[in-house]
Amino acid sequence: MTRRKSATARRREGMMSGTPTRALVMPLALSPDQHAMYSRLADLYNRVWGSAVSWYDANRTVNAVGAHKALYAGLRGRFPQLPSQFVCNALRDAAGAVR
4 MTRRKSATAR RREGMMSGTP TRALVMPLAL SPDQHAMYSR LADLYNRVWG
54 SAVSWYDANR TVNAVGAHKA LYAGLRGRFP QLPSQFVCNA LRDAAGAVR
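Using this note's numbering, you'd call the opening residue of the sequence shown number 4 and step up by one each time.
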């Protein structure tokens with residue numbers, strides 16, 4: 004009996020082919036106020052991401068759970084304007100970038 008591959012393994016194999024399974028490009032017309040808000044949000048996200056990358060490098064680890072426990076509360080305190088899910092995503096994205 005052959006063993007069925009996990010969903011993660013199948014997804015990774017699909018990514019290795021280099022052929023995107025789907026792509027959608029939509030223009031986004033922003034007003035100057037919306038653009039300024041998005042720019043501030045992107046800047047905050049980049050600062051959180053950079054802090055996380057520095058922490059991963061200093062601690063020589065890419066353990067996202069450990070980083071979350073060590074950094075989340077401090078980053079939420081330093082960047083209260085950034086929604087919590089953005090902080091979580093930045094920590095996870097930084098771990099992936101360091102790998």
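Glycine included, every Cβ here is placed at the ideal spot set by N, Cα and C.
Just to confirm my understanding: we take residue i, look at its own chain, exclude 5 residues before and 5 after, and list those with CB closer than 6 angstroms. What are they?
{"i": "H71", "result": "L94"}
{"i": "L78", "result": "V51, V90"}
Whose C-alpha, out of the options, is nearest the C-alpha of residue i?
{"i": "V65", "options": "T11, A100, A26, R7", "result": "A100"}
{"i": "F89", "options": "H38, S57, R50, N62", "result": "R50"}
{"i": "A76", "options": "P30, R7, R6, A55", "result": "A55"}
What does the alpha-carbon distance come out to for the pair residue i and residue j?
{"i": "S34", "j": "L74", "result": "34 angstroms"}
{"i": "Q37", "j": "L47", "result": "15 angstroms"}
{"i": "G17", "j": "W52", "result": "27 angstroms"}
{"i": "R102", "j": "A26", "result": "26 angstroms"}
{"i": "A12", "j": "D96", "result": "20 angstroms"}
{"i": "N92", "j": "A32", "result": "25 angstroms"}
{"i": "V28", "j": "A39", "result": "22 angstroms"}
{"i": "N62", "j": "G80", "result": "21 angstroms"}
{"i": "S57", "j": "R15", "result": "28 angstroms"}
{"i": "P30", "j": "A10", "result": "32 angstroms"}
Alpha helix (DSSP H) containing residue i: first to last residue?
{"i": "P35", "result": "35-62"}
{"i": "L94", "result": "87-101"}
{"i": "R81", "result": "67-81"}
Excluding the five sequence neighbours on either side, which residues of its own chain have a C-beta within less than 7 angstroms of the C-beta of residue i, listed in chain order?
{"i": "A98", "result": "Y59, V65, A67, A70"}
For residue i, collect the residues of the same chain with a Cβ closer than 8 angstroms to its Cβ; drop the 5 residues on either side in sequence, then sort them by chain order.
{"i": "R6", "result": "none"}
Worksheet item: Can at least three beta-carbon pairs, one atom from the segment 41-54 and one from the segment 81-88, be found at a separation below 8 angstroms?
Response: yes
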